[in-house]
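Enquirer: I'd like to ask you about the structure that follows.
Here you go:
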């Protein structure tokens with residue numbers, strides 16, 4: 012009986028249970044530290060994402076304000092959408108043409124068109140149907156606008172040239188486009204358009220068969236909120 016008691020005491024050693032308890036306690040503490048580090052990392056990522064999204068919103072707002080003038084410059088640089096290109100100055104082209112001494116024989120009929128945007132209470136029309144001009148020559152035309160409403164109205168116009176491939180040779184010297192025009196009730200104004208056809212129009216094979224160019228303007232109402 013004494014021997015069995017001794018064997019039983021050896022199988023249930025107390026120190027082993029204490030070691031298990033200490034091991035469990037250490038694992039729990041390590042897990043708690045890892046969770047704290049994870050929370051800190053998530054907060055840092057969230058803060059970076061918030062800064063990124065805020066910057067993105069600011070950039071989008073800035074781009075929306077810059078879109079119109081940038082698009083206008085793009086059209087003027089490429090002739091896209093029938094917008095007249097601006098490269099060499101008209102004075103330089105006229106001087107170069109005079110130096111060449113080439114007299115153009117081809118005549119072009121420049122026709123004029125006018126439209127108004129939705130909600131624009133103006134009467135807007137060209138004062139002449141067409142003007143005939145030769146490459147290397149300049150010409151003057153007029154448009155008339157009248158405010159038919161009972162309140163002052165501010166408008167701004169855009170323009171294009173068709174056929175679009177001919178726009179690169181149509182040079183605007185003086186024009187009312189992209190400039191705000193304010194008319195009082197019943198007021199009427201005449202607006203000049205001074206333009207020049209590049210002499211290279213006549214020698215460009217892509218212009219063969221093009222004897223008519225249409226200059227179109229559209230007036231839009233400017234919001235005054």
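Numbering (our numbering), first residue to last: 12 to 236. Here a beta-carbon is modelled for each residue, glycine too, at the ideal position from N, C-alpha and C.
Using only the alpha-carbon positions, how far apart do residue 151 and residue 201 sit?
Expert: Between residue 151 and residue 201, the C-alpha separation is close to 12 Å.
Enquirer: On the three-state DSSP scale, how would you describe residue 195?
Expert: Correct three-state label for residue 195: coil.
Enquirer: Provide the residue(s) that pair with residue 202 in DSSP beta bridges, ordered along the chain.
Expert: According to DSSP, residue 202 bridges with 154.
Enquirer: Assign residue 118 to one of three DSSP states: helix, strand, or coil.
Expert: Coil.
Enquirer: Look at the alpha carbon of residue 228 and the alpha carbon of residue 52, and state the distance between them as a whole number of angstroms.
Expert: Cα-Cα distance, rounded: 59 Å.
Enquirer: To the nearest angstrom, how far is the alpha carbon of residue 148 from that of residue 62?
Expert: Approximately 58 Å, taken between the alpha carbons.
Enquirer: Starting from residue 143, trace the beta strand (DSSP E) in both directions and tell me its first and last residue.
Expert: Where residue 143 is concerned, the enclosing beta strand (DSSP E) stretches over 141–144.
Enquirer: Can you grab the Cα-Cα spacing for the pair residue 194 / residue 119, in whole Å?
Expert: About 34 Å.
Enquirer: Quick check: what's the CA-CA separation for residue 145 versus residue 205?
Expert: So the alpha carbons of these two residues sit roughly 14 Å apart.
Enquirer: Can you look up residue 187 in the DSSP assignment and give me helix, strand or coil?
Expert: In this structure, residue 187 counts as coil in the three-state DSSP scheme.
Enquirer: In angstroms, rounded to a whole number, what distance separates the CA positions of residue 168 and residue 232?
Expert: Whole-angstrom Cα-Cα distance: 9 Å.
Enquirer: Residue 76: buried (16+ other C-beta within 10 angstroms of its C-beta) or exposed?
Expert: Low confidence applies to residue 76: its pLDDT is 44, below 50, so where it sits in the model is not reliable, and the reading given next is rough at best. Residue 76 is exposed by the Cβ-count criterion.
Enquirer: Please say whether residue 156 and residue 122 have beta carbons closer to each other than 9 Å?
Expert: For residue 122 and residue 156, no; Cβs fall outside 9 Å.
Enquirer: By DSSP, does residue 66 sit in helix, in strand, or in coil?
Expert: Residue 66: helix per DSSP, three-state reduction.
Enquirer: Which residue from 196, 183, 117, 54 puts its Cα closest to that of residue 211?
Expert: Checked all of 196, 183, 117, 54; the closest Cα to residue 211 is 117.
Enquirer: So is residue 137 buried or exposed if we call it buried at 16+ other beta carbons inside 10 Å?
Expert: Under this definition residue 137 is a buried residue.
Enquirer: Strictly by DSSP, which residues pair up with residue 57?
Expert: In the DSSP output, where bridge partners are listed per residue, residue 57 has none listed.
Enquirer: Pull up the DSSP beta-bridge partners for residue 165, would you.
Expert: Answer is 193, bridged to residue 165.
Enquirer: Taking the alpha-carbon positions, what's the residue 203 to residue 181 distance?
Expert: If I take the Cα positions, the gap works out to 16 Å.
Enquirer: From residue 35 to residue 59, what distance separates their C-alpha atoms?
Expert: The pLDDT assigned to residue 35 is 38, lower than 50, so where the model puts this residue is not dependable; a value taken from the coordinates is nonetheless given after this. Going by the C-alpha atoms only, they are around 37 Å apart.
Enquirer: In this structure, does DSSP put residue 227 in helix, strand or coil?
Expert: Looking at residue 227 - three-state DSSP - the assignment turns out to be strand.
Enquirer: On a CA-only basis, which of 207, 133, 103 is nearest residue 172? Give me that one, please.
Expert: Closest option to residue 172, Cα to Cα, is 207.
Enquirer: Here's the rule I'm using: 16 or more other beta-carbon atoms within 10 Å means buried, otherwise exposed. How should residue 134 be labelled?
Expert: Residue 134 should be labelled exposed.
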